[in-house]
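J.: Next up is a structure, given as structure tokens.
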Ligand SMILES: [Zn+2]
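Numbering (my numbering), first residue to last: 46 to 381.
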């Protein structure tokens with residue numbers, strides 16, 4: 046039974062064969078199948094097309110930089126206002142411990158990073174966790190959200206770069222021995238350009254650490270709403286790429302990345318039905334064409350008053366410089 050279940054995965058996505066409006070941003074192919082239709086806020090209505098060659102599903106046509114940046118800011122504000130201050134503090138602490146856990150896995154492999162760049166750093170606490178383990182490390186962050194960069198600068202003193210990851214910054218060439226992109230590559234409009242930039246920004250032998258959701262399960266929610274009801278789904282967070290594990294590895298190999306450790310996805314969500322079951326509960330929300338302007342213009346002042354007391358957030362008995370053993374153990378226990 047179990048074996049049968051595994052053999053029937055992944056479920057093939059079906060849809061009309063189409064000529065894409067724009068070539069695939071991973072492999073350049075022009076053919077694909079249309080698997081869904083979405084509204085990105087009230088900013089753009091577009092298709093999700095799965096590439097016939099590399100298997101990546103993407104928005105077609107893709108969001109422009111301006112559309113991305115507006116929607117991201119709206120989402121950032123919406124999410125900040127929706128999440129309680131306490132929950133955000135908890136998230137920050139969790140990211141910090143994850144950073145510690147990650148840094149110790151580097152240490153175990155005899156890597157000691159000196160210059161780190163994170164694309165899309167979020168709260169920056171993951172990086173701070175890394176700095177707990179490697180106190181001398183220099184940290185830079187890159188994001189398209191000025192609000193978020195200011196937060197990173199004032200909370201942690203990181204060097205900041207306001208740009209999309211696709212935009213090449215000559216000053217960053219050969220500067221880093223570790224580049225981090227946690228849950229970022231599913232957001233970028235030009236994956237190929239990002240991988241090329243990462244390659245240029247890294248020194249010889251440098252590391253690229255990324256995580257990204259299982260694209261098949263991620264897109265499933267949109268796929269089944271369209272398949273069953275022919276309705277547009279609502280897309281508020283800009284997942285614009287849905288990767289197929291193999292296509293992604295092939296792409297990285299083409300760009301001369303060498304795999305050090307590569308994990309694919311756990312089956313937990315698959316068992317719950319994501320990526321294979323068709324029912325209403327699993328569908329993405331129906332589009333409401335929510336107004337991005339409302340958040341960007343009317344709500345932004347409310348998040349500017351949000352501050353975090355870093356000392357208070359990290360005030361745990363095990364998070365002291367002289368207790369790295371316990372910090373390591375507890376971070377491992379909670380996040381490995
Ligand atoms: Zn492709």
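Just so you know, even glycine gets a beta-carbon here, dropped at the ideal spot from N, CA and C.
With DSSP collapsed to three states, give me the class of residue 297.
T.: For the purposes of this step, residue 297 is taken as the residue at position 252 of the chain shown. Correct three-state label for residue 297: helix.
J.: State the Cα-Cα distance for the pair residue 314 and residue 91, rounded to the nearest angstrom.
T.: Here residue 314 refers to the residue found at position 269 of the chain shown. Here residue 91 refers to the residue found at position 46 of the chain shown. Their backbone Cα atoms lie some 27 Å apart in a straight line.
J.: Would you grab the beta carbon distance between residue 77 and residue 89 for me? Rounded to a whole angstrom, and I think it's under 8 Å.
T.: Residue mapping note: residue 77 aligns to position 32 of the chain shown, counting from 1. Residue mapping note: residue 89 aligns to position 44 of the chain shown, counting from 1. Going by Cβ atoms, the distance from residue 77 to residue 89 rounds to 18 Å, so no, they are not a contact pair.
J.: State the DSSP-derived secondary structure class of residue 176, mapped to helix, strand or coil.
T.: Walking along the chain shown from the start, residue 176 turns up at place 131. It is helical.
J.: Determine the extent of the alpha helix (DSSP H) in which residue 66 is found, giving its start and end residues.
T.: Reading the chain shown from its first residue, position 21 is the one you call residue 66. That residue, residue 66, is in no alpha helix (DSSP H); it is neither H nor E in DSSP.
J.: Looking at C-beta atoms only, is the number of pairs between the region 283-294 and the region 254-263 that lie closer than 8 Å three or more?
T.: Yes, the region 283-294 touches the region 254-263.
J.: Taking all protein chains shown into account, decide if residue 292 is buried (16 or more other Cβ within 10 angstroms of its Cβ) or exposed.
T.: The residue labelled residue 292 in the question sits at position 247 within the chain shown. Buried, by the Cβ-count rule.
J.: When the Cα atoms are used, what is the spatial distance from residue 99 to residue 296?
T.: Taking the first residue of the chain shown as position 1, residue 99 is located at position 54. Taking the first residue of the chain shown as position 1, residue 296 is located at position 251. Answer to the nearest angstrom: the Cα atoms are 9 Å apart.
J.: Over what stretch of residues does the alpha helix (DSSP H) that includes residue 57 continue unbroken?
T.: Here the question's residue 57 lines up with position 12 in the chain shown. Careful: residue 57 lies outside any alpha helix (DSSP H) and carries neither H nor E.
J.: Can you list every residue whose CB sits closer than 6 Å to some heavy atom of ligand 1, going in chain order?
T.: Any residue whose Cβ sits closer than 6 Å to a heavy atom of ligand 1 makes the list: 69, 71, 72, 74, 96, 98, 99, 101.
J.: Should residue 131 go down as buried or exposed, given a rule of 16 or more other Cβ atoms within 10 Å for buried?
T.: For the purposes of this step, residue 131 is identified with residue 86 of the chain shown, where counting begins at 1. Exposed, because fewer than 16 other Cβ atoms sit within 10 Å of the Cβ of residue 131.
J.: Under a Cβ-count criterion, where at least 16 other Cβ atoms within 10 Å of its own Cβ denotes burial, should residue 106 be classed as buried or exposed?
T.: Here residue 106 refers to the residue found at position 61 when the chain shown is read from its first residue. Looking at its Cβ environment, which holds fewer than 16 other Cβ atoms inside 10 Å, residue 106 is exposed.
J.: Which residues in the same chain as residue 333 place their Cβ atom closer than 7 Å to its Cβ, once the five residues preceding and following it in sequence are excluded?
T.: Taking the first residue of the chain shown as 1, we reach residue 333 at position 288. Hits under 7 Å: 279.
J.: For residue 368 and residue 375, I'd like the C-alpha separation in whole angstroms.
T.: One-based indexing of the chain shown puts residue 368 at position 323. One-based indexing of the chain shown puts residue 375 at position 330. Going by the C-alpha atoms only, they are around 11 Å apart.
J.: Looking only at C-alpha atoms, which of 80, 136, 65 sits nearest to residue 73?
T.: One-based indexing of the chain shown puts residue 73 at position 28. Checking every option, the nearest Cα to that of residue 73 belongs to 65.
J.: Tell me whether the beta-carbon of residue 306 lies closer than 8 Å to the beta-carbon of residue 146.
T.: The residue you call residue 306 lines up with position 261 of the chain shown. The residue you call residue 146 lines up with position 101 of the chain shown. Not closer than 8 Å, so no.
J.: Tell me where the alpha helix (DSSP H) around residue 147 begins and ends.
T.: Here residue 147 refers to the residue found at position 102 when the chain shown is read from its first residue. Where residue 147 is concerned, the enclosing alpha helix (DSSP H) stretches over 130-153.
J.: Give the straight-line distance between the Cα atoms of residue 60 and residue 255, rounded to the nearest whole angstrom.
T.: As a first step, residue 60 must be located in the chain shown, where it is residue number 15. As a first step, residue 255 must be located in the chain shown, where it is residue number 210. Straight-line Cα distance between these residues: approximately 30 Å.
J.: Can you tell me whether DSSP reads residue 252 as helix, strand or coil?
T.: On the chain shown, residue 252 is found 207 positions in, with the first residue counted as 1. Reduced to three states, the DSSP call for residue 252 is strand.
J.: Can you have a look at residue 165 and say buried or exposed, based on whether 16 or more other CB atoms are within 10 angstroms of its CB?
T.: The sequence position of residue 165 within the chain shown is 120, counting from 1. Answer is buried; the Cβ neighbour count reaches 16.
J.: Provide the residue span of the beta strand (DSSP E) that contains residue 85, from first to last.
T.: Stepping through the chain shown from its first residue, residue 85 is reached at position 40. Per DSSP, residue 85 belongs to the beta strand (DSSP E) from 76-85.
J.: Considering residue 227, what are the terminal residues of the alpha helix (DSSP H) in which it resides?
T.: Within the chain shown, residue 227 is the residue found at index 182, counting from 1. Element bounds for residue 227: not the alpha helix (DSSP H) but the beta strand (DSSP E), 221-227.
J.: According to the neighbour-count rule (16 or more other Cβ atoms, all chains shown, within 10 Å of its Cβ), is residue 283 buried or exposed?
T.: Sequence index remark: in the chain shown, residue 283 carries index 238 (1-based). Classification for residue 283: buried.
J.: Can you look up residue 286 in the DSSP assignment and give me helix, strand or coil?
T.: Indexing the chain shown from 1 puts residue 286 at position 241. Residue 286 falls in the strand class under three-state DSSP.
J.: By the 10 Å Cβ neighbour count, where 16 or more other Cβ atoms means buried, how is residue 324 classified, buried or exposed?
T.: For this step, residue 324 is matched to residue 279 along the chain shown. With fewer than 16 Cβ atoms within 10 Å of its Cβ, residue 324 is classed as exposed.
J.: For residue 95, which of helix, strand or coil comes out of DSSP?
T.: Position 50 of the chain shown, counted from the start, is the residue given in the question as residue 95. Here residue 95 sits in strand by DSSP.
J.: Tell me, which residues are paired with residue 28 by DSSP?
T.: With the chain represented from 46 up to 381, any question about residue 28 goes unanswered, as that position is not in the structure.
J.: Taking DSSP as the reference, what is the three-state secondary structure of residue 211?
T.: Position 166 of the chain shown holds residue 211. Three-state DSSP puts residue 211 in coil, outside helix and strand.
J.: Would you mind stating whether residue 127 and residue 237 have Cβ atoms separated by less than 8 Å?
T.: Here residue 127 corresponds to residue number 82 of the chain shown, with the count starting at 1. Here residue 237 corresponds to residue number 192 of the chain shown, with the count starting at 1. It is not a contact, given that the beta carbons lie outside the stated cut-off.
J.: I think residue 239 touches residue 253, with their Cβ atoms under 8 Å apart; what is that distance to the nearest whole Å?
T.: Taking the first residue of the chain shown as position 1, residue 239 is located at position 194. Taking the first residue of the chain shown as position 1, residue 253 is located at position 208. With a Cβ gap of about 10 Å, residue 239 and residue 253 do not count as contacting.
J.: Quick check: the Cα distance between residue 200 and residue 140, rounded to an integer number of angstroms?
T.: In the chain shown, the residue the question calls residue 200 occupies position 155. In the chain shown, the residue the question calls residue 140 occupies position 95. Taking the straight line joining both Cα atoms gives about 14 Å.
J.: What do you get for residue 265, buried or exposed, if any count of 16 or more other CB atoms within 10 angstroms of its CB means buried?
T.: As a first step, residue 265 must be located in the chain shown, where it is residue number 220. With 16 or more Cβ atoms within 10 Å of its Cβ, residue 265 is classed as buried.
J.: Where does residue 129 land, buried or exposed, given buried means 16+ other C-beta within 10 angstroms?
T.: The residue given as residue 129 occupies position 84 in the chain shown. The residue is exposed, with fewer than 16 neighbouring Cβ atoms inside 10 Å.
J.: In the DSSP assignment, the alpha helix (DSSP H) including residue 119 goes from what residue to what residue?
T.: As a position in the chain shown, residue 119 is number 74, starting the count at 1. Its alpha helix (DSSP H) spans residues 110-127.
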